[in-house]
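Top to bottom, those sequences are chains A and B. Residue numbers for the first sequence follow my numbering, beginning at 138 and rising by one. Residue numbers for the second sequence follow my numbering, beginning at 138 and rising by one.
Number of protein chains: 2
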Amino acid sequence: MKAKVHVTLKRGVLDPQGKAIAHALHTLGFDGVEDVRAGKVIELQLKSTDEATARKEVEAMCSKLLANTVIEDYAIELVA
Amino acid sequence: MKAKVHVTLKRGVLDPQGKAIAHALHTLGFDGVEDVRAGKVIELQLKSTDEATARKEVEAMCSKLLANTVIEDYAIELVA
Numbered sequence: 138m139k140a141k142v143h144v145t146l147k148r149g150v151l152d153p154q155g156k157a158i159a160h161a162l163h164t165l166g167f168d169g170v171e172d173v174r175a176g177k178v179i180e181l182q183l184k185s186t187d188e189a190t191a192r193k194e195v196e197a198m199c200s201k202l203l204a205n206t207v208i209e210d211y212a213i214e215l216v217a
Numbered sequence: 138m139k140a141k142v143h144v145t146l147k148r149g150v151l152d153p154q155g156k157a158i159a160h161a162l163h164t165l166g167f168d169g170v171e172d173v174r175a176g177k178v179i180e181l182q183l184k185s186t187d188e189a190t191a192r193k194e195v196e197a198m199c200s201k202l203l204a205n206t207v208i209e210d211y212a213i214e215l216v217a
């Protein structure tokens, strides 16, 4: 089973990477860009074939390693 | 209009960040992880409200700045 974890900064947390991308886009002439936020996707190939087990396992990975829950949100997407 | 750009390394391109995450997960006891690939998500808030225009604009941003098309693939997702 495959899992995709989307890690994004919480609303209100300053995003310097996003700001830098927005600045670079404006410099290149893309004036239609109002705001940019940068995040991560982590694609995991899991041995587990059971969706409930896989979700529990990935939840644990997120809270222990993949996301910093103080400043980041995460969303888990399972693909068969 | 909002756009999400998913940037992932092409198949076959070595992913040291993914390898490091996989190693850290194994160290933490998550033995059910077979492979990890790391990617980026860039969320753009656009002035444009027309889907076709927005897609064209974001395509141009991807090829000029957001993705390195030699080693990376990108996917654009538009949200009204």
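Virtual Cβ for every residue (Gly too), placed ideally from N, Cα, C. Just so we're clear, the structure is a prediction, and the values are computed from it rather than from any experiment.
Identify the contact partners of residue i in chain A, using a Cβ-Cβ distance below 9 angstroms as the criterion.
i, result
"I208(B)", "Within 9 angstroms Cβ-Cβ: nothing; I208(B) doesn't reach chain A, min ~16 angstroms."
Going by C-alpha to C-alpha distance, which of the options sits closest to residue i?
i, options, result
"V142(A)", "G169(B), G176(B) and I208(B)", "G176(B)"
"I179(B)", "T206(A), G149(A), Q154(A) and V150(A)", "Q154(A)"
"A217(A)", "H163(A), A204(A), A157(A) and Q182(A)", "Q182(A)"
"G166(B)", "V207(A), R174(A) and L202(A)", "L202(A)"
Which residues of chain A have a Cβ atom closer than 7 angstroms to the Cβ of residue i, listed in chain order?
i, result
"K201(B)", "L165"
"I158(B)", "I179"
"G169(B)", "L183, K184, S185 and E194"
Who are the Cβ neighbours of residue i in its own chain at under 7 angstroms, not counting the five residues just before and after it?
i, result
"L215(B)", "M138, A140, E188, A191 and R192"
"E209(A)", "V144, T145, L146 and K147"
"A212(A)", "H143"
"T186(A)", "M138"
"S200(A)", "T206"
Are the C-beta atoms of residue i and some chain B residue less than 7 angstroms apart?
i, result
"M138(A)", "no"
"A212(A)", "no"
"E194(A)", "yes"
For residue i, go through chain B and note every residue whose CB falls closer than 7 angstroms to its CB, in chain order.
i, result
"D172(A)", "Q182"
"A161(A)", "L202"
With a threshold of 8 angstroms on Cβ separation, who are the neighbours of residue i within its own chain once the five nearest residues in sequence on each side are excluded?
i, result
"H163(B)", "V170"
So which residues of chain A does residue i contact, with C-beta pairs closer than 8 angstroms?
i, result
"L215(B)", "In chain order: nothing, as chain A lies at least about 13 angstroms away."
Once you ignore the five residues that flank residue i on each side, which residues in its own chain have a CB closer than 6 angstroms to its CB?
i, result
"A204(A)", "V144 and Y211"
Taking 7 angstroms as the threshold (beta carbon to beta carbon), is residue i in contact with chain A?
i, result
"G176(B)", "yes"
Would you call the stretch 181 to 196 of chain A and the stretch 163 to 173 of chain B touching, i.e. three or more CB-CB distances under 8 angstroms? yes
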